[in-house]
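Undergrad:
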Amino acid sequence: MSGGTARAAIRPNKGHSILERRFARLGWGFATPALVVVLAITLFPIAFSVAMSLSHVTVSADGFQLSGTTTEHYEMLLKSERWRHALVFTVLYTIGTVVAELVLGTLIALVLEQLSGGRGWMMALLLLPWAMITVVSAQLWAYMYNGVYGVLTALTEGLTGTPFQFLGTPTPAVLSMAAADVWKTTPFVAIIVLAGLMMLPSDVVEAARVDGASAWTAFWRVRLPLLRPALVIAVLFRILQAFGIFDLPFVLTGGGPGDATESLALLGWHVMFTNLDFGPGAAVAASTAALVLVGCLIFLRAFRARVGDEEAQA
Numbered sequence: 001m002s003g004g005t006a007r008a009a010i011r012p013n014k015g016h017s018i019l020e021r022r023f024a025r026l027g028w029g030f031a032t033p034a035l036v037v038v039l040a041i042t043l044f045p046i047a048f049s050v051a052m053s054l055s056h057v058t059v060s061a062d063g064f065q066l067s068g069t070t071t072e073h074y075e076m077l078l079k080s081e082r083w084r085h086a087l088v089f090t091v092l093y094t095i096g097t098v099v100a101e102l103v104l105g106t107l108i109a110l111v112l113e114q115l116s117g118g119r120g121w122m123m124a125l126l127l128l129p130w131a132m133i134t135v136v137s138a139q140l141w142a143y144m145y146n147g148v149y150g151v152l153t154a155l156t157e158g159l160t161g162t163p164f165q166f167l168g169t170p171t172p173a174v175l176s177m178a179a180a181d182v183w184k185t186t187p188f189v190a191i192i193v194l195a196g197l198m199m200l201p202s203d204v205v206e207a208a209r210v211d212g213a214s215a216w217t218a219f220w221r222v223r224l225p226l227l228r229p230a231l232v233i234a235v236l237f238r239i240l241q242a243f244g245i246f247d248l249p250f251v252l253t254g255g256g257p258g259d260a261t262e263s264l265a266l267l268g269w270h271v272m273f274t275n276l277d278f279g280p281g282a283a284v285a286a287s288t289a290a291l292v293l294v295g296c297l298i299f300l301r302a303f304r305a306r307v308g309d310e311e312a313q314a
C-alpha cells in the first residue's frame with residue numbers, strides 16, 4: 001500500500017474520532033445541568049450528614065451549630081441495641097421482600113409474555129400499584145388492616161370467628177408491612193423482567209426445545225442466564241429502595257408495635273426530629289448510606305465474577 005493510500009485510509013478514522021469527541025462534548029453539555037441538580041440534591045445532603053455526624057452539634061432556638069470533630073456519635077450507634085435491631089430488621093426485610101418480588105415479578109412477566117392480546121391493558125393495570133404514591137397506598141393498607149373497621153380484619157372474623165390483629169403484634173405487623181410493600185413494587189420488577197424477556201433471541205430457546213429440552217429446562221438453563229442483566233438491574237433498584245424504606249412503616253405502623261418495624265431510615269428520623277439529637281441522627285443516616293453503597297458494590301462484584309467465570313468456562 002502506497003503512502004497516499006495509507007493516508008487516505010487513515011483520514012476517515014481521524015475525522016470520525018473528532019466527530020465522536022464533538023458529540024461527546026455536546027452530550028456532556030446537555031447533561032451538565034441535570035448532573036448539577038443531582039449532585040445538589042443527593043451528594044450535598046450526604047456530605048453534610050457525614051460532616052454533622054462527625055461534629056459536636058449544639059441545638060438552640062436559632063437552629064443548630066457544628067463545632068469540633070468527634071466520633072462519639074458512631075460509638076453510640078455501635079453500643080445501641082435499638083440501632084442493631086433496626087439494622088437487623090432492615091437487612092432481613094430487604095432480603096425477604098426483594099426475593100419475594102423477584103420470584104413473583106418473574107412469574108408475572110412470563111405470563112405477560114405469553115399473552116397474544118390485551119398485554120397493553122394488563123401492563124397498565126399492573127402498573128397501577130407502582131404508580132400510586134407510597135404514602136397513599138400505605139394509608140389504604142392501614143384502612144384494610146384496621147382492627148375495628150378494616151376489610152381484612154372483618155374477613156378474618158367471618159372465616160374464623162375472631163378478628164385477626166394484623167398490626168397489633170410484632171410478627172404479623174412485619175409480615176403485613178412486607179405484603180403491602182410486595183404488592184406495590186412487584187409490578188416494577190415484572191416490567192423490567194418482561195423487557196428482558198422480550199429482548200432475548202428466540203432462536204436460542206427454539207434450538208434448546210429442538211434438542212429435547214422441556215419448557216422448565218429451557219427457562220432454567222437458557223433463558224434465566226440470559227436474563228441476569230435485567231434481574232441485576234431490578235435487584236439493585238429494589239435493594240436501594242427497600243434498605244432506605246421510610247414512608248411505608250411511618251404511615252402504616254410508626255415503627256411499632258414497640259420497635260418491631262422500625263427501619264434504619266425511620267430510626268434516624270425519630271432520633272433527629274423527635275429527640276432532636278442531630279448528631280446521632282446524622283450518624284444513622286450516614287451509616288445507612290455507607291451500608292447501601294458497600295452492599296451494592298459487593299453484589300456487583302459478585303455478579304461480575306460469576307459472569308467472568310461462566311465466560312471462561314464457555
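Each step along the sequence shown adds one to the number in the UniProt record's numbering, with nothing skipped, and position 274 is 274.
Where is the CB? At the ideal position from N, CA and C, for every residue including glycine.
Predicted model only: the values in this text are computed from it and were never measured.
Assuming residue 89 and residue 262 are in contact, meaning their beta carbons sit under 8 angstroms apart, how far apart are those beta carbons, in whole angstroms?
TA: As a first step, residue 89 is located in the sequence shown; it is residue number 89 there, counting from the start. As a first step, residue 262 is located in the sequence shown; it is residue number 262 there, counting from the start. That belief holds up - the Cβ atoms of residue 89 and residue 262 are roughly 7 angstroms apart, short of 8 angstroms.
Undergrad: Can you tell which of 252, 181, 240, 123 has its C-alpha closest to the C-alpha of residue 296?
TA: For this step, residue 296 is matched to residue 296 along the sequence shown. The option with the nearest alpha carbon to residue 296 is 240.
Undergrad: DSSP state of residue 253, grouped into three classes?
TA: Numbered from its first residue, the sequence shown carries residue 253 at position 253. Residue state, collapsed to three classes: coil.
Undergrad: Check whether the stretch 242–252 and the stretch 175–194 are in contact - that is, three or more C-beta pairs closer than 8 angstroms.
TA: Contact holds: three or more Cβ-Cβ distances are below 8 angstroms.
Undergrad: Among 299, 294, 303, 283, which residue has its Cα nearest to the Cα of residue 45?
TA: As a working mapping, residue 45 is identified with position 45 in the sequence shown. Nearest C-alpha to residue 45: 283.
Undergrad: Can you tell me which of the three DSSP states residue 139 falls into?
TA: Locating residue 139 in the sequence shown gives position 139, counting from the first residue. In the structure shown, residue 139 sits in a helix (DSSP, three-state: H, G or I).
Undergrad: Excluding five sequence neighbours on each side, which residues of the same chain lie with their C-beta closer than 6 angstroms to the C-beta of residue 237?
TA: Translated into positions along the sequence shown, residue 237 becomes position 237. Taken in chain order, the list of residues that qualify is empty.
Undergrad: What does the alpha-carbon distance come out to for the pair residue 289 and residue 49?
TA: One-based indexing of the sequence shown puts residue 289 at position 289. One-based indexing of the sequence shown puts residue 49 at position 49. Straight-line Cα distance between these residues: approximately 10 angstroms.
Undergrad: Enumerate in chain order the residues of its own chain whose CB-to-CB distance from residue 115 is below 8 angstroms, with the five nearest sequence positions on each side excluded.
TA: Position 115 of the sequence shown holds residue 115. Closer than 8 angstroms at Cβ, skipping near neighbours: 122.
Undergrad: For residue 17, write down the residues that DSSP places opposite it in a beta bridge.
TA: Within the sequence shown, numbered from 1, the residue matching residue 17 stands at position 17. BP columns for residue 17 are empty, so no partner.
Undergrad: Opposite residue 56 in the DSSP bridges: which residues?
TA: For the purposes of this step, residue 56 is taken as the residue at position 56 of the sequence shown. In DSSP, residue 56 forms a bridge with 67.
Undergrad: Identify which residue in 173, 227, 221 has its Cα closest to the Cα of residue 251.
TA: Here residue 251 refers to the residue found at position 251 of the sequence shown. Per the Cα distances, 173.
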